[in-house]
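Asker: Chains A and B, in that order, are what the protein sequence lines are. Position 173 (the first sequence) corresponds to 183 in my numbering; numbering is contiguous. Position 149 (the second sequence) corresponds to 151 in my numbering; numbering is contiguous.
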Amino acid sequence: MPDALLPSARINLERATVLVLDDNGPSLDILSQVVSGFGVKQLLRAETVADAQVLVRTKTFDLIISDVQMPVTDGIEFIEWLRREGGETNRYIPVILVTGHTRASQIRKLRDAGSNYVVAKPITPKVLLERIFWVAREERMFIECDTYIGPDRRFKHEGPPPGTDGRRKDDLPAEVGEAQTPNMSDDEIANLMRPAKVQI
Amino acid sequence: MTVRKFRPPNRLAAMIKDRGGMLAKDAIAAAEAGVETLRESSMAALDEALADIEARFGKDAPDRASQSFEDLYLLASRIIDVSAFVMDAGIDKAAMSLCGLADDCAEAGGWRWEAVDVHIKALKLLRAMGAQLPVEQRDAMLQGLYQVSHYRPDEG
């Protein structure tokens, strides 16, 4: 997990252009107030995915925060569209999805939508700012293939899923890295570090 | 399948470190102050959603069996959306449980009216006096709701 956001950390979002998308007016108002409070000057709002798509086609954004549950086209479909058809300036930008409840049928879809984080509603400023801070600082690789475009979903580096050999060329067996011998004593470590004259 | 793995430029990462800006604690305080101005309208939206749920899905609703699972899910979601102001009352958690119930009913293809009724009653009670209830009593009520809705809070 990324570092916690310290109260004394300094952040500057004055130059950031942010899109917030939520079909529920009162919820969009809350989201907008929170983001404005963080110092964002360029905040654009959309109440439908169609409106958001128009904005994405015409402006360059630095961050998108979108609701998940929306009628007609939902936030998951919007992010999938963004990652494939959002244009070169927008398709790789950080995305935070917000949702009050995730339907059982949508858990996998949500994971595979291509967002950087999913934040639970009701939104609190502290949690949202922390996630914005994380997406600004994270160094996760981006994955682009036929079935997925988005930040690497496997970012804890715990090896391949248990009981599998993994799908990636650089997947190592789970046993690699496990200690094979007892830990060294302090003296043994000190001996390794001790300066010694050498003949060159 | 070809997999491209790369690190795209992150403009946000560059600008968040720009000179100036504000301390995180000040940003949070400013955001909280901004949100506070929405308390009244948010509570009105919450009460409206709750009234709508009761009118369409309550015991006395004349045609509740003809209502859609989706509409109940949507109305319960709307309560969650604005419930930051009443989190100490447990309303957000009860509404999440109702979302779980609506989702469960939709998957099963049939209503469980006793469970719907108990959720509506609980939401009304929590709205009226949830913050004043002893914590153990409120938690026990929420646990009861989770059991009837099959909602598991740890799964979000």
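Beta carbons: idealized from backbone N, C-alpha and C, even for Gly. All of these numbers come straight from a predicted model, not from anything done at the bench.
Run through DSSP, which three-state label would A:K207 get?
Answerer: Coil, per DSSP.
Asker: Using 8 Å as the threshold, is the C-beta distance between A:A56 and B:D105 below it?
Answerer: No, these two residues do not count as a Cβ contact at 8 Å.
Asker: Flag this pair as yes or no: are the beta carbons of A:L54 and A:I75 separated by less than 8 Å?
Answerer: No, the pair does not count as a contact, with Cβ atoms beyond the cut-off.
Asker: For chain A, is any of its Cβ atoms less than 8 Å away from the one on B:D62?
Answerer: So, not an interface residue.
Asker: Quick test of your reading: B:M98 and B:Y153, contact by CB under 8 Å. State the CB separation rounded to the nearest angstrom.
Answerer: The pair is a contact, with the Cβ atoms about 6 Å apart (cut-off 8 Å).
Asker: Of all the alpha helix (DSSP H) runs that stay within the bounds of the segment 66–117 of chain B, which reach a length of 4 or more residues?
Answerer: Listed in chain order, the complete alpha helix (DSSP H) runs (minimum 4 residues) inside the segment 66–117 of chain B are 71–83 and 93–110.
Asker: Is the shortest distance between the beta-carbon of B:L74 and the beta-carbons of chain A less than 8 Å?
Answerer: So no, B:L74 is outside the interface.
Asker: Does DSSP put A:A123 in a helix, a strand or coil?
Answerer: Coil, per DSSP.
Asker: Can you tell me which of A:M80, A:G96, A:D156 and A:W91 puts its alpha carbon nearest to the alpha carbon of A:K69?
Answerer: Ranking the options by Cα distance to A:K69, first place goes to A:G96.
Asker: Below 8 Å, how does it come out for the segment 6–14 of chain B and the segment 41–58 of chain B: are there three or more Cβ pairs, yes or no?
Answerer: Result no; under three Cβ-Cβ pairs closer than 8 Å.
Asker: According to DSSP, A:P161 sits in a beta bridge with which residue or residues?
Answerer: A:P161 is bridged to A:F152.
Asker: Can you find a CB in chain B that lies within less than 8 Å of the CB of A:Q63?
Answerer: No, because no Cβ of chain B sits closer than 8 Å to the Cβ of A:Q63.
Asker: Nearest-angstrom Cα distance between A:G47 and B:I30?
Answerer: For A:G47 and B:I30, the distance between alpha carbons rounds to 7 Å.
Asker: Would you please verify whether the beta carbon of A:F88 is less than 8 Å from any beta carbon of chain B?
Answerer: It does not; no Cβ of chain B falls within 8 Å.
Asker: Taking 8 Å as the CB-CB limit, is A:I40 close to chain B?
Answerer: Chain B, which has a Cβ nearer than 8 Å to the Cβ of A:I40, makes this yes.
Asker: Cβ of A:V145 within 8 Å of Cβ of B:A33?
Answerer: No, the pair does not count as a contact, with Cβ atoms beyond the cut-off.
Asker: Under a Cβ-count criterion, where at least 16 other Cβ atoms within 10 Å of its own Cβ denotes burial, should B:G112 be classed as buried or exposed?
Answerer: Under this definition B:G112 is an exposed residue.
Asker: Could you give the C-beta distance for A:V28 and A:F71, rounded to a whole number, given that I count them as a contact under 8 Å?
Answerer: 7 Å between Cβ atoms; contact.
Asker: Decide if B:R21 is buried, meaning its Cβ has at least 16 other Cβ atoms within 10 Å, or exposed.
Answerer: Exposed: under 16 other Cβ atoms inside 10 Å.
Asker: Under 8 Å between the Cβ atoms of B:S68 and B:A117?
Answerer: No, Cβ-Cβ distance for B:S68 and B:A117 is not below 8 Å.
Asker: Give the DSSP bridge partners of B:M24, in chain order.
Answerer: B:M24 pairs with A:I21.
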